[in-house]
Each structure stands twice: as structure tokens, then as C-alpha cells.
């Protein structure tokens, strides 16, 4: 598989955008701005982005409307769809595929500033937390691929920063310039980092999937699904 083909396919996935309609729980937000008309916010989100990054955009919009919400409340923002809390550590595109792919766009989700349901979703849905989790996933993928995390650990501090900032700023070229150092194929690669998400109620499936069979030939994906 050529690097050019990898680049083109991943760029198409990256460039996919999802129109989102953010609704407010009126009873919950009235304390922030009495007699304010809380109209929905319409945003276009990258499928590769995360809800805490979406929260940052909502915060900018509300601040521009002179609506003051305490920092501590922003640190506990969570979203729901159809009364189901959304896992903020999943990419937005994955969340839509799991919860809302059969409904018309824009995807309507509700933002909450209170009562984070930590029995259903993880605590601390902040940008710092999701950045840390993202880098942990990158290290895990590196270990599965190579049997160690040397490629990630050998990245410069600038590359580490750029890898996350490219997600936050939706800059594919910056992302790929670093990511290609991690994903370039070599015959010594051990396993394909892959997770299978079936539905919100099913546990994530993550098995060891080799790049090659015993004869050194590449596996086809259907063998993983079977």
C-alpha cells in the first residue's frame, strides 16, 4: 500500500464535516442569563474532533453574547442525544455513527453545564484531559504496531505539540507531517492498531490483528471481522 494512497484516504476522512445543532436545557441555563432567549447554536464539526473542543467554540460564542458562565461549569460540560450521555472521549464522527446516523442533519444534541453523569461517562471532560487521552491512544497504537513506543517517545516536543494542535485547529497537513512518522509500514510491524465499535451498548472489541500471515502475506480485513 503506497503512502500516497494512505494520504488521500485519510485526508478524505479528515475533511468530512458534521453539521450540529446544539440545544440548551433552558431550566438549567436560566441562572446564567435571566430573560435571555437561548437559541440553538449551529456549528460544523470535524468528524475527527472531540466534544471538549466543541465546548471551547460554544464558550467563545456565548462570551461574545456577554453570557457569563463560570469556568468550573465549563470544566464539567457534557452532551446528550435522545437522553443518552455522549462519551466525550470518542471522536465526534464516531459518536454520530453510533447514535445518530439514521436521523436527518443537522445532528441535534443538548449541552449541559450541571450534573455530569459520571456513572455513564468519564469525569473531567476538559481539553487538557482529552489531549492527554489522545496522546495515550497514540502511544498504545505505537506499542501494538511495533512492540514498543519508541517512535512516539522519539518525537520532538514540537511534534508532540503539533500532533494535538492539528486536531484542535483542524489542520490536516500539520497532522500528517507528524503522523506519517508513526504509521509508515515496515516489515517488522507486529499488529494493526484497530478497535471495532458495534453500538453504544456493546463493549469495544480490540483484538490483536497481525499485519501478515505465517507466509508473510498481508491479511485482508474480512478475516478480522469474521
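Numbering (full-length UniProt numbering), first residue to last: 1 to 226. Just so it is clear, CB atoms sit at the ideal spot from N, CA and C, and this is done for glycine as well.
Supposed close pair residue i, residue j - CB separation, criterion 8 Å
i: residue 93; j: residue 141; result: No, residue 93 and residue 141 are not in contact; Cβ-Cβ is about 18 Å, not under 8 Å.
i: residue 159; j: residue 178; result: 5 Å
i: residue 134; j: residue 167; result: 7 Å
i: residue 120; j: residue 85; result: 4 Å
i: residue 21; j: residue 108; result: 4 Å
Test item: CB-CB of residue i and residue j under 8 Å
i: residue 42; j: residue 106; result: yes
i: residue 144; j: residue 112; result: no
i: residue 75; j: residue 126; result: yes
i: residue 81; j: residue 99; result: yes
Residue i burial status per 10 Å Cβ neighbour count (16 or more: buried)
i: residue 45; result: buried
i: residue 90; result: buried
i: residue 147; result: exposed
i: residue 132; result: exposed
i: residue 185; result: exposed
i: residue 55; result: buried
i: residue 48; result: buried
i: residue 13; result: exposed
i: residue 162; result: buried
i: residue 51; result: buried
Coarse secondary structure for residue i, derived from DSSP in three states
i: residue 210; result: strand
i: residue 3; result: Unreliable positioning characterises residue 3 in this predicted model, as indicated by a pLDDT of 47, which lies under 50. The coordinate reading is nonetheless provided below. Correct three-state label for residue 3: helix.
i: residue 192; result: coil
i: residue 250; result: Because the chain spans 1 through 226 in this model, residue 250 falls outside it and cannot be assessed.
i: residue 158; result: helix
i: residue 182; result: helix
i: residue 123; result: coil
i: residue 163; result: helix
i: residue 146; result: helix
i: residue 129; result: helix
i: residue 199; result: coil
i: residue 115; result: coil
i: residue 174; result: helix
Enumerate, from N- to C-terminal direction, the unbroken alpha helix (DSSP H) stretches of 4 or more residues contained entirely within the UniProt domain "Autophagy protein ATG5 UblA" (13–113).
26–29, 51–64, 71–74 and 92–99
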